[in-house]
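Undergrad: Quick note, the sequence shown lines up with residues 149 to 619 if you use this note's numbering.
Note that the Cβ used here is the ideal one computed from N, Cα and C, for glycine as well.
Mind having a look at this structure? Questions to follow.
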Amino acid sequence: MTTDGHEAMPTAAHAQLSLGVAAARNLATTTKSVPQMQGISSRWLLRALPWVEVKGGTYRVNRRLVYTVGDGRVTFVQDGAAVRVVPAELGELPLLRGFGDQDVLRALADRFEQREYAPGQVIAEEGRPADRVLLVAHGKVEKTRADRYGETARRGIVTDGGFLGGRVAGGEPGTWETTARALTSCVVLALPRAAYEEVAGRSEALRAHVRHRLAEEAQPRNKRGEADIAVASGHTGEPEIPGTFVDYELRPREYELSVAQTILRVHSRVADLYNEPMDQIEQQLRLTIEALRERQEYELVNNPEFGLLHNADYSQRISTHSGPPTPDDMDELLSMRRGTKAFLAHPKAIAAFGRECTKRGIGFGETEFQGHGVPSWRGVPLLPCGKIPVSEAGTSAILALRTGEAEQGVIGLRQTGIPDEYEPGLNVRFMGINEQAIISYLVSTYHSAAVLVPDALGVLENVEVFRASGA
């Protein structure tokens, strides 16, 4: 460009001597990748679960009869600094399980007293009279007990929604079997025994219900709570051999297959004209199926009906001792079941566990899982699963699974051989072409999961995954 605004003519030194790249590309064939998708994860849970064929769409889990006397968690409502227990949630206490008189439960809920404890304060002391029911509304409480040599041993952690003294309401007053001490600032609701007796004195239904629960609890049972099978051994001569039978649950749980669906729409013009070198419908289906498989794994973890996080038995849930997941926490989780096949954890939880191992000078192991080298702990694969949520407070959970029908473990449920099946348990059904020439396909995948016995699945809760400041 000259100073007067006119374009300068090219000189001989700058004359173009060959075809330019930009023009040449108009005649070239472009090499293209198939459409890429960031949302695809490793989906280790779908790989780890053995899939059981479910004809009829329903899987029934038959178990031996278990005498359940309450092992759930209690829910609270908060009004400013005041905390109240939801009356219906008192049915989670051992001797109130199944009691339905809401007026009586409301009267009991109104008599709980709110108390606050600082870290280190004793909430209940071993050997002292157990004269109240304690509900942990917020915080972490450590249970300890003196062994035969006078040493103090930890007996567990109670966190939000847990309780102590759940059987104080029935029978003769006893003593605390453990010492409960606040590890963090705690809010606890206490129901004095005298307050319970005041309400029970006016409700024959409550007294009858508690008597029934106490009688049920006295039934012979094994350490898992199952109805006992009488067996004689080590005898000589001709003693009378005990008779027995194996009792079953009268109302076994049934798992119905759930469905994840979407409608894929492709314009017929696209399908007709733009199918080279890649089939447009096939590529659309491929990415749609990837998204459905991601949702399938999310549901297997988080669905309130069959998701693993919601179906882990409360007796199989433990809390971290100090916050981050430590080798001690993982060992305790591992010790709660036989034949653990895999751990599942959010990648941030695995990183937090790695930091704790590094502090102790311990290295991750590695094991082979389905042809892949993966990190492991005590020889058990530690598989990443981004579908396990991380709360805003920076806490997550780690799952431990024993898998397989033959091992009474965790199994995936699906039905194959369905009409228009595209992949096992997934079908693609043509829905027609509308007046705008848009082709529609219904893409569906049917799935669920079942926990055959409670100890097949364990959860390490309150796993802090964020690095502490200054760490």
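1) To the nearest angstrom, how far is the alpha carbon of Phe247 from that of Trp324?
2) So Gln250 is in the alpha helix (DSSP H); what residue range does that whole segment cover?
3) Which residue spans inside the segment 531-578 form an unbroken beta strand (DSSP E) run of at least 3?
4) Using the C-alpha atoms, what's the distance from Tyr570 back to Gln184?
5) Does the contact criterion of 3 or more C-beta pairs under 8 Å hold for the segment 497-512 versus the segment 452-462?
6) Would you identify the three-state DSSP class for Arg361, choosing helix, strand or coil?
7) Using the rule of at least 16 other Cβ atoms within 10 Å of the residue's Cβ for burial, across every protein chain shown, is Thr326 buried or exposed?
8) Taking the alpha carbon of Arg562 as the point to measure from, which residue in Thr206, Asn174, Val169 has its own alpha carbon closest?
9) Could you give the C-beta distance for Thr300 and Arg329, rounded to a whole number, given that I count them as a contact under 8 Å?
10) At least one CB of chain B closer than 8 Å to the CB of Leu481: is that the case?
11) Within 10 Å of its beta-carbon, does Gln584 have 16 or more other beta-carbons around it, so buried, or fewer, so exposed?
12) Let me check understanding here. Comparing Cα to Cα, which of Thr543, Asp603, Arg296, Arg508 lies closest to Arg550?
13) Whole angstroms are fine: how far does the CA of Leu362 sit from the CA of Ala541?
14) Please go through the same chain and pick out, in chain order, the residues whose beta-carbon is closer than 7 Å to the beta-carbon of Ala545, but skip the five residues on each side of it.
15) Can you look up Gly218 in the DSSP assignment and give me helix, strand or coil?
16) Taking all protein chains shown into account, do 16 or more other C-beta atoms lie within 10 angstroms of the C-beta of Leu167, making it buried, or fewer, making it exposed?
17) Using a Cβ-Cβ cut-off of 6 Å (strictly less than) and excluding sequence neighbours within five positions of Asp219, which residues of its own chain qualify?
18) Below 6 Å CB to CB, which residues in the same chain sit around Gly471 once its five sequence neighbours on both sides are set aside?
19) What is the rounded straight-line gap between the Cα of Lys507 and the Cα of Leu194?
20) Can you give the Cα-Cα distance for Val335 and Phe491, rounded to whole angstroms?
TA: This is what the structure gives:
1) Those two C-alpha atoms are separated by around 25 Å.
2) 250-258 is the extent of the alpha helix (DSSP H) around Gln250.
3) When DSSP assignments are scanned along the segment 531-578, the uninterrupted stretches of beta strand (DSSP E) that are 3 or more residues long and fall wholly within it turn out to be 543-549, 558-562, 569-571.
4) If you take the alpha carbons of Gln184 and Tyr570, they lie about 21 Å apart.
5) No, because fewer than three Cβ pairs between the segment 497-512 and the segment 452-462 fall closer than 8 Å, the two stretches do not touch.
6) Annotated three-state conformation of Arg361 is helix, per DSSP.
7) Classification for Thr326: buried.
8) The option with the nearest alpha carbon to Arg562 is Thr206.
9) Contact flag wrong, Cβ pair sits at about 10 Å.
10) Here chain B cannot be found, since the structure has a single protein chain.
11) Taking every protein chain shown into account, the CB of Gln584 has fewer than 16 other CB atoms within 10 angstroms, so this residue is exposed.
12) Out of Thr543, Asp603, Arg296, Arg508, the CA that lies nearest to the CA of Arg550 is found in Asp603.
13) Between Ala541 and Leu362, the C-alpha separation is close to 40 Å.
14) Here the set comprises Leu457, Ile536, Val607, Leu608, Glu609, Val611.
15) Low per-residue confidence applies at Gly218: pLDDT is 48, beneath 50, and the placement is therefore not dependable, though the value from the model is reported in the following sentence. The answer is coil: DSSP assigns Gly218 none of H, G, I, E or B.
16) Exposed, by the Cβ-count rule.
17) For Asp219, the predicted model reports a pLDDT of 47, less than 50, meaning its position is unreliable; a value from the coordinates is still stated below. Hits under 6 Å: Tyr462, Ser463.
18) Here the set comprises Glu612.
19) Distance between the alpha carbons of Lys507 and Leu194 is about 33 Å.
20) Rounded to whole angstroms, Val335 and Phe491 show a C-alpha spacing of 32 Å.
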